[in-house]
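Everything on this sheet refers to the single structure shown next.
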Amino acid sequence: MNDKVKSVLYPLATFVVLVALWEIAIRAFKVPNFILPTPYAVLEALQRGYIEGLFWKHFFFTLQSMVFGYVFGCTLAFILGCLFAESKTVEQMFLPFVVALQSMPKVALAPLIIVWFGFGLESKIVMVALVCFFPMFINTAVGLRQTNPALIDLMHAFSASRWHILTRIKIPSAAGHIFAGLQISVVLGLIGAVVAEFVSSTRGLGHLISAAAVNLETNTMFAALISLAALGVAGSLAIRFLHARIVFWDKATATQTAATE
Amino acid sequence: MALFRAESLAVTYSSSRGPVKALEGMDATLGQGEFLSVLGPSGCGKSTLLKVVAGLLKPSAGSVMLGGAPITGPRPDVGIVFQQPTLLPWQNALDNVLLPVRTLGLDLQAGREKAAALMRLVGLEKFSAHYPSELSGGMQQRVGIARSLVHDPALLLMDEPFAALDAMTREHMMMELQRIWMAAGKSVLFITHSIPEAVFLSDRIAVLSERPGRTIRELEIDLPRPRTLDTMADRRFADYCNELRSLFAAQFSDPVPHQVPHQ
Ligand SMILES: Nc1ncnc2c1ncn2[C@@H]1O[C@H](COP(=O)(O)OP(=O)(O)O)[C@@H](O)[C@H]1O
Ligand SMILES: [Mg+2]
Chain A
-7 MNDKVKSVLY PLATFVVLVA LWEIAIRAFK VPNFILPTPY AVLEALQRGY
43 IEGLFWKHFF FTLQSMVFGY VFGCTLAFIL GCLFAESKTV EQMFLPFVVA
93 LQSMPKVALA PLIIVWFGFG LESKIVMVAL VCFFPMFINT AVGLRQTNPA
143 LIDLMHAFSA SRWHILTRIK IPSAAGHIFA GLQISVVLGL IGAVVAEFVS
193 STRGLGHLIS AAAVNLETNT MFAALISLAA LGVAGSLAIR FLHARIVFWD
243 KATATQTAAT E
Chain B
30 MALFRAESLA VTYSSSRGPV KALEGMDATL GQGEFLSVLG PSGCGKSTLL
80 KVVAGLLKPS AGSVMLGGAP ITGPRPDVGI VFQQPTLLPW QNALDNVLLP
130 VRTLGLDLQA GREKAAALMR LVGLEKFSAH YPSELSGGMQ QRVGIARSLV
180 HDPALLLMDE PFAALDAMTR EHMMMELQRI WMAAGKSVLF ITHSIPEAVF
230 LSDRIAVLSE RPGRTIRELE IDLPRPRTLD TMADRRFADY CNELRSLFAA
280 QFSDPVPHQV PHQ
């Protein structure tokens, strides 16, 4: 059996065993359904949700806040990251605030953001953008600063403009870091979306979970959790695919996601 | 007439721990088509000298002239090779060689032909489409040499270009560089801390002291070209090496070497 087949078959085997254990545990210990639903009940909830269509509006709401917030937050972070890395003055002016904001748990701002931006999609987008911002910002700035100084000297020796050096040398050099930032932001963005929905929303997978919790509909909660996991995995895979495609020369960081502090 | 001349050159860096004198009283002259090595221990200001000549750093005192005019900033008639290959990993070898052409906005068509010819000169014509990660260290360094020549500079600056290579590749690259230099007919300012490398390659060697770097000796190397592996076994080759070695030995034993003893 080759490694490719194994990489599909082995996780599948683990999955089957886990689901079997889950079912057995419920029967053996007589766990009530409102504590832990059976795998079948979860499957049923998923089926009902997506075939009868009750879940779709929640799914799309979360997807929408995620996509808009992510694009908005990451774009802004990229531009400001470039400014920060390029200008010592900008760095000195803002570094203390960046550190302070970075150390603060952004999700704590969720209630405030709801107050400012309302109960609808806007507040969710802002929340997602906010949590996506920092990993992307830090990775962009650090990546740009780590450009090989000899390469920059070489470009200076050819009297290349600052813009030319930034766009042709520094940004490609930082691409691995930038994609690592994008990768972290996907996961954090999803957290942001769910937290904002928990605080106040009439839609979204996060809202679905908190609403189901009130009625102890654990099967619906599980179904929504699985949907969220699917969203997260799809987003991560998309970024990883783009990373491998765009930063094709960066064999090392394409397979690992760098951490940010 | 000399192509390049440095007189009483001094460079002082300002650092958080106060000023750092990197060079002080450095003199060197490089004639047209000549191969000059600057030889000195690590940290004596060799890379600093290269940055001054490349126009990336202003000297704090003294004068540096290139082609009859003082160096006031970067100029396109200089080619640079660094210790690390410093290629763009996202471009193939040929595009890397074309970097100066693109950056300086030179004619791309003519540049392509020149680049292809240089890839042949450095023996990499079959590797034009390879990316740097697919090339060995020595091959990458040769791409770097081709890149430094593509815009037809009057002066080639090389900062310990073989220091990061293994010993065998280094010897091979020395031969290669001599061949390329003889074919291209460029003036070369070659920086190194390796005595045999300097003796093998150079017409003349400027020996620098410990930091702050000061020229303590200029030595003419009178060995026939092309030099080969046999040259390194030659009596005179060994004599030159010994003479240089004793210069450094004298320097390390005497903290202020005012006069360099002649043998
Ligand atoms: N930007 C800088 N700021 C402060 N000191 C520097 C700087 N660059 C080099 N130096 C110091 O100047 C000295 C000479 O450096 P360098 O020219 O790189 O030496 P070499 O190339 O001969 O090893 C070293 O002691 C180094 O620490
Ligand atoms: Mg150096």
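Line by line, the protein sequences give chains A and B. Counting in our numbering, the first sequence runs from -7 upward without gaps. Counting in our numbering, the second sequence runs from 30 upward without gaps. Cβ coordinates follow ideal geometry from the N, Cα and C atoms, glycine included.
**OP:** Name the one or two DSSP bridge partners that D92/B has.
**Re:** On the second sequence, position 63 is the one that residue 92/B refers to. According to the sequence displayed, residue 92/B carries Ser and not Asp. The partner list for S92/B (beta bridge, DSSP) reads E36/B.
Subject >> Interface flag, N(-6)/A vs chain B, CB-CB below 8 Å >> reply: Taking the first residue of the first sequence as position 1, residue -6/A is located at position 2. No, no contact with chain B.
Subject >> Local conformation of D145/A per DSSP, three classes >> reply: Taking the first residue of the first sequence as position 1, residue 145/A is located at position 153. Judged by DSSP in its simplified three-state form, D145/A adopts helix.
**OP:** Could you spell out the range, first to last residue, of the beta strand (DSSP E) harbouring S66/B?
**Re:** As a working note, residue 66/B is residue 37 in the second sequence. Counting along the chain, the beta strand (DSSP E) containing S66/B begins and ends at 64 to 68.
Original post:
So, using beta-carbon positions, are P103/B and A149/A closer together than 8 Å?
Top reply: Position 74 of the second sequence, counted from the first residue, corresponds to residue 103/B. Position 157 of the first sequence, counted from the first residue, corresponds to residue 149/A. Result yes, Cβ atoms of P103/B and A149/A sit closer than 8 Å.
Original post:
Taking C-beta to C-beta, are L182/A and M58/A nearer than 8 Å?
Top reply: In the first sequence, the residue the question calls residue 182/A occupies position 190. In the first sequence, the residue the question calls residue 58/A occupies position 66. In this structure, M58/A lies closer than 8 Å to L182/A by Cβ.
Subject >> Residues that Q113/B contacts on chain A, provided the C-beta gap is smaller than 7 Å >> reply: Residue numbering aside, residue 113/B sits at position 84 when the second sequence is read from its first letter. Near Q113/B (Cβ distances below 7 Å), the residues of chain A are A142.
**OP:** Examine chain B for any beta-carbon lying closer than 8 Å to the beta-carbon of L146/A, and answer yes or no.
**Re:** Counted from its first residue, the first sequence places residue 146/A at position 154. Chain B, which has a Cβ nearer than 8 Å to the Cβ of L146/A, makes this yes.
**OP:** Pull up the CB-CB distance for R233/B and E63/B, whole angstroms please, since I reckon it's below 8 Å.
**Re:** Your numbering for residue 233/B matches position 204 in the second sequence. Your numbering for residue 63/B matches position 34 in the second sequence. Contact between R233/B and E63/B is confirmed by a C-beta separation of about 7 Å, below the 8 Å threshold.
Subject >> Against chain A: residues of the segment 96 to 112 of chain B by CB proximity under 7 Å >> reply: Against chain A - using a Cβ distance shorter than 7 Å - the residues of the segment 96 to 112 of chain B are P103, P105, V107, I109, F111.
**OP:** Find out if the Cβ-Cβ distance for the pair R195/A, F53/A is shorter than 8 Å.
**Re:** By 1-based counting over the first sequence, the position of residue 195/A is 203. By 1-based counting over the first sequence, the position of residue 53/A is 61. Cβ atoms of R195/A and F53/A: closer than 8 Å.
Original post:
Can you tell which of L164/B, L230/B, E272/B has its C-alpha closest to the C-alpha of L258/B?
Top reply: Residue numbering aside, residue 258/B sits at position 229 when the second sequence is read from its first letter. Checking every option, the nearest Cα to that of L258/B belongs to L230/B.
**OP:** Residues of the segment 118 to 152 of chain B with a CB closer than 7 Å to any CB of chain A: list them in chain order, please.
**Re:** Taking 7 Å as the Cβ-Cβ cut-off against chain A, the residues of the segment 118 to 152 of chain B that qualify are P118, W119, P129, T132, L133.
**OP:** Show which residues of chain B have a CB atom less than 9 Å away from the CB atom of F150/A.
**Re:** To locate residue 150/A, count along the first sequence from 1; it is residue 158. Those within 9 Å of F150/A in chain B are P103, P105, L128, P129, T132, L133, H180.
**OP:** Mark T77/B as exposed unless 16 or more other C-beta atoms lie within 10 angstroms of its C-beta, in which case mark it buried.
**Re:** Residue 77/B sits at position 48 when you count from the first residue of the second sequence. With 16 or more other Cβ atoms within 10 Å, it is buried.
Original post:
What in chain A is Cβ-close to Y160/B, meaning under 8 Å?
Top reply: Along the second sequence, one-based indexing puts residue 160/B at 131. Those are W241, listed as they occur along chain A.
**OP:** Look up T244/B in the DSSP assignment and give the residues it is bridged to.
**Re:** As a working note, residue 244/B is residue 215 in the second sequence. The bridge partners DSSP lists for T244/B are L237/B.
Subject >> Contact between the segment 188 to 202 of chain B and the segment 147 to 156 of chain B (3+ Cβ pairs under 8 Å) >> reply: Fewer than three pairs of CB atoms, one per stretch, sit closer than 8 Å, so the segment 188 to 202 of chain B makes no contact with the segment 147 to 156 of chain B.
**OP:** Check whether the Cβ of G72/B sits closer than 7 Å to any heavy atom of ligand 1, and report yes or no.
**Re:** As a first step, residue 72/B is located in the second sequence; it is residue number 43 there, counting from the start. Yes, since a heavy atom of ligand 1 falls inside the 7 Å radius drawn around the Cβ of G72/B.
Original post:
Of all the CB atoms in chain A, is at least one closer than 8 Å to the CB of L68/B?
Top reply: Reading the second sequence from its first residue, position 39 is the one you call residue 68/B. No - not a single Cβ of chain A is within 8 Å of the one on L68/B.
Subject >> Own chain, CB closer than 6 Å to A279/B, minus 5 neighbours either side, in chain order >> reply: For the purposes of this step, residue 279/B is identified with residue 250 of the second sequence, where counting begins at 1. Taken in chain order, the list of residues that qualify is empty.
**OP:** Determine the closest residue to Q94/A out of T67/A, I117/A, F125/A, with distance taken between C-alpha atoms.
**Re:** Mapped onto the first sequence, residue 94/A falls at position 102. Comparing Cα-Cα distances from Q94/A to each of T67/A, I117/A, F125/A, the minimum goes to F125/A.
**OP:** Just the C-alpha distance for P48/B and Y42/B, rounded to the nearest angstrom, thanks.
**Re:** Here the question's residue 48/B lines up with position 19 in the second sequence. Here the question's residue 42/B lines up with position 13 in the second sequence. Distance between the alpha carbons of P48/B and Y42/B: 6 Å.
Original post:
Helix, strand or coil for V91/A per DSSP?
Top reply: Taking the first residue of the first sequence as 1, we reach residue 91/A at position 99. In the structure shown, the three-state DSSP call for V91/A is helix.
**OP:** With a 10 Å radius around its C-beta and 16 neighbouring C-beta atoms as the bar for buried, classify Q84/A as buried or exposed.
**Re:** Here residue 84/A corresponds to residue number 92 of the first sequence, with the count starting at 1. Q84/A is exposed by the Cβ-count criterion.
Subject >> For V110/B, the residue or residues it bridges with in DSSP >> reply: Translated into positions along the second sequence, residue 110/B becomes position 81. According to DSSP, which records beta bridges pairwise, V110/B is partnered with M187/B.
**OP:** Could you name the residues that DSSP lists as bridge partners for P48/B?
**Re:** Counted from its first residue, the second sequence places residue 48/B at position 19. Looking at the DSSP assignment, P48/B forms a beta bridge with S43/B.
Subject >> DSSP-derived helix/strand/coil call for T139/A >> reply: The residue you call residue 139/A lines up with position 147 of the first sequence. Reduced to three states, the DSSP call for T139/A is coil.
**OP:** Please determine if the segment 82 to 98 of chain B and the segment 203 to 213 of chain B are in contact, where contact requires at least 3 C-beta pairs separated by less than 8 Å.
**Re:** With a cut-off of 8 Å, the segment 203 to 213 of chain B and the segment 82 to 98 of chain B do not count as touching, because too few Cβ pairs lie within range.
Original post:
Any heavy atom of ligand 1 closer than 7 Å to the Cβ of T77/B?
Top reply: Residue 77/B sits at position 48 when you count from the first residue of the second sequence. Yes, the beta carbon of T77/B sits closer than 7 Å to at least one heavy atom of ligand 1.
Original post:
By Cβ distance, which residues of its chain are closer than 6 Å to K80/B, with the 5 residues on each side in sequence left out?
Top reply: Numbered from its first residue, the second sequence carries residue 80/B at position 51. The beta carbon of K80/B sits closer than 6 Å to the beta carbons of L86 from its chain, once the five residues preceding and following it are set aside; these are given in chain order.
Original post:
Under 8 Å between C-beta atoms, does P164/A make it to chain B?
Top reply: Counted from its first residue, the first sequence places residue 164/A at position 172. It does: the Cβ of P164/A has a partner Cβ on chain B nearer than 8 Å.
**OP:** Express the C-alpha separation of A216/A and A37/A in angstroms, rounding to a whole number.
**Re:** Residue mapping note: residue 37/A aligns to position 45 of the first sequence, counting from 1. Residue mapping note: residue 216/A aligns to position 224 of the first sequence, counting from 1. Each residue's Cα considered, the two are about 9 Å apart.
Original post:
Taking Cβ-Cβ distances below 8 Å as the criterion, which residues of the segment 55 to 85 of chain B are in contact with chain A?
Top reply: Going along the segment 55 to 85 of chain B in chain order, one finds K80, A83, G84, L85 with a Cβ nearer than 8 Å to chain A.
**OP:** Report the option in A183/B, L184/B, P161/B whose CA atom is closest to the CA atom of G173/B.
**Re:** One-based indexing of the second sequence puts residue 173/B at position 144. That would be P161/B, whose Cα lies nearest to the Cα of G173/B.
Original post:
Where P3/A and V(-3)/A are concerned, what is the direct C-alpha to C-alpha distance, given to the nearest angstrom?
Top reply: As a position in the first sequence, residue 3/A is number 11, starting the count at 1. As a position in the first sequence, residue -3/A is number 5, starting the count at 1. Inter-residue distance for P3/A and V(-3)/A is about 11 Å (C-alpha atoms, whole angstroms).
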